[in-house]
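**Student:** With the UniProt record's numbering, letter number 115 in the sequence shown gets 115, and the count goes up by one each step, no holes. Before anything else, here's the structure in question.
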Amino acid sequence: MIPMDVEGMAVLAPEAAPVMLLREREGERRWLAITIGGPEASAVALAQEQIRLPRPGTIELIGQVVESFGHRVTGVQVTALRDGIFFADLVLDSGIRVSARPSDAVAIGLRAGVGIEVADAVLEVASVRVEIVGSGPDAELPAVPSDPVAQERAVEEFREALDKIAPEDFGELPPDPPSRP
Numbered sequence: 001m002i003p004m005d006v007e008g009m010a011v012l013a014p015e016a017a018p019v020m021l022l023r024e025r026e027g028e029r030r031w032l033a034i035t036i037g038g039p040e041a042s043a044v045a046l047a048q049e050q051i052r053l054p055r056p057g058t059i060e061l062i063g064q065v066v067e068s069f070g071h072r073v074t075g076v077q078v079t080a081l082r083d084g085i086f087f088a089d090l091v092l093d094s095g096i097r098v099s100a101r102p103s104d105a106v107a108i109g110l111r112a113g114v115g116i117e118v119a120d121a122v123l124e125v126a127s128v129r130v131e132i133v134g135s136g137p138d139a140e141l142p143a144v145p146s147d148p149v150a151q152e153r154a155v156e157e158f159r160e161a162l163d164k165i166a167p168e169d170f171g172e173l174p175p176d177p178p179s180r181p
């Protein structure tokens, strides 16, 4: 399992679904883009910023239920990619694993302050390497400009980089993991 950071959300076209962007913390610094729904993107963004709403949403409710049963979330793992669908697990302190959509698992993990990991086999077939001109694999993303025109230009450059990615860049799908009892 490879440790990842949630870099944020992106919407690549006005009518397209949001994409959750994960980036390898060290090493090759590969990117993993997972298409998610609009409400899920909002939940991840709120969790990433640790914004608390007046009433708990589903993600907070799940965390509270886990805690009320005397457990805590200790990790999030994106475990597989089958037929274009990503699979993830919430890992609890007792070793219990709960299957979840990656967007929900990541939002719950962010709320719990735990690490997010992705199976190397998933990264091998679904990640991309994006190098910002004039930087290496260890470079950080540039700061988001405060000027709206500069922000739009930065988004456009990112979209252009994503437009150059072809399905062939992702290689073959990894084998299916063993099914759980």
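Glycine included, C-beta positions come from ideal geometry on N, C-alpha and C. Model, not experiment: these values are computed from the prediction.
Taking 7 Å as the limit between beta carbons, can you name the residues of its chain near A45, skipping five residues before and five after?
**Tutor:** Taking C-beta separations shorter than 7 Å and ignoring five residues to either side along the sequence, the partners of A45 in its chain run M9, following chain order.
**Student:** From V11, E15, G27 and E28, pick the residue whose C-alpha is nearest to that of L21; which is it?
**Tutor:** V11
**Student:** Quick one, are the C-beta atoms of L90 and A80 less than 7 Å apart?
**Tutor:** no
**Student:** S68: buried (16+ other C-beta within 10 angstroms of its C-beta) or exposed?
**Tutor:** S68 counts as exposed, since fewer than 16 other beta carbons sit within 10 angstroms of its beta carbon.
**Student:** Output needed for F103: all residues of its chain with C-beta closer than 8 Å, excluding positions within five of it in sequence on either side, in chain order.
**Tutor:** Correcting the residue identity first, residue 103 is Ser in this sequence and not Phe. So the list reads M20, I34, I36, G37, E40, A41, A43 and V44, once near-sequence residues are dropped.
**Student:** Would you kindly report the start and end of the unbroken alpha helix (DSSP H) that includes P39?
**Tutor:** G38 to Q48
**Student:** Please report the Cβ distance between A88 and V73, rounded to the nearest whole angstrom; I am assuming they are in contact, meaning their Cβ atoms lie under 8 Å.
**Tutor:** Not really, about 12 Å apart at Cβ, beyond 8 Å.
**Student:** Taking 6 Å as the cut-off, is the CB of L46 close to at least one heavy atom of the ligand SAM?
**Tutor:** In terms of ligand content, the structure shown is empty, and the ligand SAM therefore cannot be addressed.
**Student:** Residue range of the beta strand (DSSP E) that G75 falls in?
**Tutor:** V73 to R82
**Student:** Taking the alpha-carbon positions, what's the P56 to F86 distance?
**Tutor:** 26 Å
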